[in-house]
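Only one structure is covered here, and it is reproduced in the block below.
This is the structure we're talking about:
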């Protein structure tokens with residue numbers, strides 16, 4: 396299944412608890428779109444949040460974020476991975 400990284404702006408000063416709450420909102424609605432959000436990272440100084448997910452399409456990832464209340468237009472498919 397394809398992997399995606401998306402970027403959210405506007406989270407300056409956000410806390411770990413706020414990030415966890417946003418992530419939980421994604422998890423609560425992800426199944427309907429066939430998406431799984433694996434991790435989320437926060438840089439409270441820049442206000443950026445990064446989410447790693449797997450799912451059928453960018454549109455499915457966007458739909459989950461919209462339903463969870465934090466849409467983004469910055470979603471990247473990650474077709475190449477190394478470990």
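Residue numbers (our numbering): 396 to 478.
Idealized CB from N, CA, C, for every residue including glycine.
Keep in mind it's a predicted model, so treat the numbers as computed, not measured.
Per DSSP, which one or two residues make a beta bridge with residue 363?
-> What the structure shows of the chain is the stretch from 396 to 478, and residue 363 is not part of that stretch, so it cannot be assessed.
Between which two residues does the alpha helix (DSSP H) containing residue 414 stretch?
-> Locating residue 414 in the chain shown gives position 19, where the first residue counts as 1. Here the alpha helix (DSSP H) through residue 414 covers 411-424.
Segment contact, 8 angstroms Cβ cut-off, at least three pairs: the region 404-413 with the region 423-434 = The region 404-413 vs the region 423-434: no contact.
Alpha carbon to alpha carbon, how far is residue 417 from residue 408? Give it in angstroms, no decimals.
-> Position 13 of the chain shown, counted from the start, is the residue given in the question as residue 408. Position 22 of the chain shown, counted from the start, is the residue given in the question as residue 417. Approximately 14 angstroms, taken between the alpha carbons.
Whose C-beta lies closer than 7 angstroms to the C-beta of residue 432 among residues of the same chain, with five residues either side of it excluded?
-> Residue 432 sits at position 37 when you count from the first residue of the chain shown. Excluding sequence neighbours, residue 432 sits near 418, 421, 422, 425, 446, 448.
Using the Cα positions of residue 475 and residue 452, report the straight-line distance between them to the nearest angstrom.
-> Here the question's residue 475 lines up with position 80 in the chain shown. Here the question's residue 452 lines up with position 57 in the chain shown. Their Cα atoms are separated by approximately 16 angstroms.
Please work out which residues of its chain come closer than 7 angstroms, Cβ to Cβ, to residue 459, disregarding the five sequence neighbours upstream and downstream, and give them in chain order.
-> As a working mapping, residue 459 is identified with position 64 in the chain shown. Contacts found: 421, 424, 425, 428, 430.
Spatial neighbours of residue 470 in its chain, beta-carbon cut-off 7 angstroms, leaving aside the 5 residues before and after | The count along the chain shown starts at 1 and reaches residue 470 at position 75. Only 399, 401, 453, 456, 457 meet the Cβ criterion.
So residue 438 is in the beta strand (DSSP E); what residue range does that whole segment cover?
-> Counting from one through the chain shown, the residue named residue 438 turns up at place 43. Its beta strand (DSSP E) spans residues 431-438.
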